[in-house]
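In terms of the working numbering, the sequence shown opens at residue 7 and continues consecutively.
Note that beta-carbon positions come from the ideal geometry of N, C-alpha and C, so glycine has one too.
Please read all numbers here as calculations on a predicted model, not as lab measurements.
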Amino acid sequence: MPLFSVPKEVAVGTAMLGVAFATGLLAGKRYPFLVFGSSKPHKSIIGKSSPLWQYILDHSLREHPVLKKLRLLTADYPWGKMMVSCDQAQFMANLIKLIKAKKVIEVGVLTGYNALSMALALPDNGRVIACDINEDYAKIGKPLWKEAGVDHKIDLRIKPATQTLDELLAGGEAETFDFAFIDADKESYNEYYEKCLRLIKKGGIIAIDNVLRGGRVLKPRKDDLETQSIHHLNEKLVRDARVNISMIPMGDGVTLVFKL
7 MPLFSVPKEV AVGTAMLGVA FATGLLAGKR YPFLVFGSSK PHKSIIGKSS PLWQYILDHS
67 LREHPVLKKL RLLTADYPWG KMMVSCDQAQ FMANLIKLIK AKKVIEVGVL TGYNALSMAL
127 ALPDNGRVIA CDINEDYAKI GKPLWKEAGV DHKIDLRIKP ATQTLDELLA GGEAETFDFA
187 FIDADKESYN EYYEKCLRLI KKGGIIAIDN VLRGGRVLKP RKDDLETQSI HHLNEKLVRD
247 ARVNISMIPM GDGVTLVFKL
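Shown next, in the form of structure tokens:
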């Protein structure tokens with residue numbers, strides 16, 4: 007697709023992502039201990055105990071005080087490590103602002119840190135369709151959504167995400183969403199991707215999390231069905247003529263999909 011036929015915001019965003027990707031590659035060559043395969047695997051490629059990780063946060067993170075409050079609250083729980091990294095949430099919020107998004111989808115909410123981050127980035131009439139099957143986790147974040155003044159933007163739907171996505175399609179909302187974030191059960195990623203692709207408008211973006219699986223995608227074990235599913239989707243995406251993509255070495259790896 008010729009560059010001039012792509013919306014200006016998407017073209018600028020793609021250029022930004024190219025710089026980010028190149029930077030990640032150079033960092034991996036210069037500092038081999040930063041890439042996956044480290045002796046201290048973590049959700050983040052750069053270990054969160056690394057001084058460099060703290061430097062990145064100190065020099066880039068502009069976290070809303072309620073976001074920080076929810077992040078620290080989530081970190082107190084054993085499953086808190088499943089939360090999206092704060093730098094990645096900020097990056098996606100900036101993309102949402104860049105493309106002037108109004109309608110977004112989140113598949114996998116947990117306590118709602120990223121739902122809150124996206125809601126803060128949306129205009130007052132924007133909305134987040136937040137899909138999850140566990141309301142207990144979301145109850146932790148809901149009071150903070152209200153505290154931040156954006157609870158009216160977040161439509162939490164507690165049911166299987168495929169059901170919610172099908173309902174949106176059946177309700178005539180195909181090609182009306184601007185952005186989607188997929189971060190739920192990995193074996194269903196391909197199904198989430200296909201449904202979100204139908205819901206996203208041309209020029210919209212889908213962000214897919216955990217595409218590196220701590221480096222396990224290099225040689226997925228036969229008994230690791232989650233990594234197998236991610237690896238198959240990665241192989242599919244690089245050949246999918248319906249989209250442009252950038253795989254970014256951020257967090258546990260995130261692929262940004264631009265619908266053509």
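How would you label residue i, buried or exposed, when you count the other beta carbons within 10 angstroms and need 16 or more for buried?
{"i": "W151", "result": "buried"}
{"i": "K106", "result": "exposed"}
{"i": "P255", "result": "buried"}
{"i": "G112", "result": "Going by the sequence as given, residue 112 is Glu instead of Gly. Looking at its Cβ environment, which holds 16 or more other Cβ atoms inside 10 Å, E112 is buried."}
{"i": "Y199", "result": "buried"}
{"i": "Y37", "result": "At Y37, the pLDDT of 33 sits below 50, so the modelled position is not reliable; the number obtained from the coordinates is stated separately. With fewer than 16 Cβ atoms within 10 Å of its Cβ, Y37 is classed as exposed."}
Any idea what DSSP makes of residue i, helix, strand or coil?
{"i": "V223", "result": "helix"}
{"i": "K265", "result": "strand"}
{"i": "N131", "result": "coil"}
{"i": "G319", "result": "Past the edges of the chain, shown from 7 to 266, lies residue 319, and the structure says nothing about it."}
{"i": "S194", "result": "helix"}
{"i": "R204", "result": "helix"}
{"i": "M253", "result": "strand"}
{"i": "P47", "result": "In this prediction, P47 scores a pLDDT of 35, lower than 50, which makes its location untrustworthy; no coordinate-derived value is stated."}
{"i": "A99", "result": "helix"}
{"i": "A136", "result": "strand"}
{"i": "D215", "result": "strand"}
Kindly indicate which residue of the options has the alpha-carbon position closest to the one of residue i.
{"i": "R68", "options": "L126, K54 and P84", "result": "L126"}
{"i": "A136", "options": "K54, S123 and D93", "result": "S123"}
{"i": "K207", "options": "T170, E241, T182 and S91", "result": "T182"}
{"i": "N240", "options": "I102, Q96 and Y195", "result": "Y195"}
{"i": "P188", "options": "K108, A95 and L175", "result": "The sequence as given places Ile at residue 188; Pro does not occur at that position. The residue with the shortest Cα to Cα distance from I188 is A95."}
{"i": "W59", "options": "S91, D157 and K87", "result": "S91"}
{"i": "I214", "options": "F264, K145, D64 and G86", "result": "F264"}
{"i": "V115", "options": "K103, K74 and M88", "result": "M88"}
{"i": "D157", "options": "D130, W85 and L101", "result": "D130"}
{"i": "N140", "options": "R245, A167, K192 and L128", "result": "A167"}
{"i": "A186", "options": "P84, L224, P57 and L262", "result": "L262"}
{"i": "I212", "options": "D230, G177 and R248", "result": "R248"}
{"i": "A144", "options": "A180, T80 and D191", "result": "T80"}
How would you write the range of the beta strand (DSSP E) that residue i sits in, first residue to last?
{"i": "K148", "result": "Not the beta strand (DSSP E): K148 falls in the alpha helix (DSSP H), residues E141 to E153."}
{"i": "E112", "result": "K109 to V113"}
{"i": "L269", "result": "The structure shown does not extend to residue 269, since the chain is modelled only from 7 through 266, so no value can be given for it."}
{"i": "I188", "result": "F183 to I188"}
Where do the ends of the alpha helix (DSSP H) carrying residue i lie?
{"i": "L78", "result": "P71 to A81"}
{"i": "S235", "result": "L231 to L243"}
{"i": "A180", "result": "Counting along the chain, A180 falls outside any alpha helix (DSSP H), and DSSP gives it neither H nor E."}
Please report how far the alpha carbon of residue i lies from the alpha carbon of residue j, in whole angstroms.
{"i": "L171", "j": "D184", "result": "14 Å"}
{"i": "G118", "j": "G147", "result": "5 Å"}
{"i": "L174", "j": "E197", "result": "15 Å"}
{"i": "K108", "j": "M98", "result": "14 Å"}
{"i": "R222", "j": "T233", "result": "7 Å"}
{"i": "G220", "j": "V260", "result": "12 Å"}
{"i": "R77", "j": "D138", "result": "18 Å"}
{"i": "M253", "j": "H238", "result": "14 Å"}
{"i": "D142", "j": "D161", "result": "16 Å"}
{"i": "D229", "j": "K242", "result": "21 Å"}
{"i": "H65", "j": "N120", "result": "20 Å"}
{"i": "L266", "j": "H70", "result": "33 Å"}
Could you tell me whether the Cβ of residue i comes closer than 9 Å to any Cβ of chain B?
{"i": "D161", "result": "In the structure shown, chain B does not exist; there is a single protein chain."}
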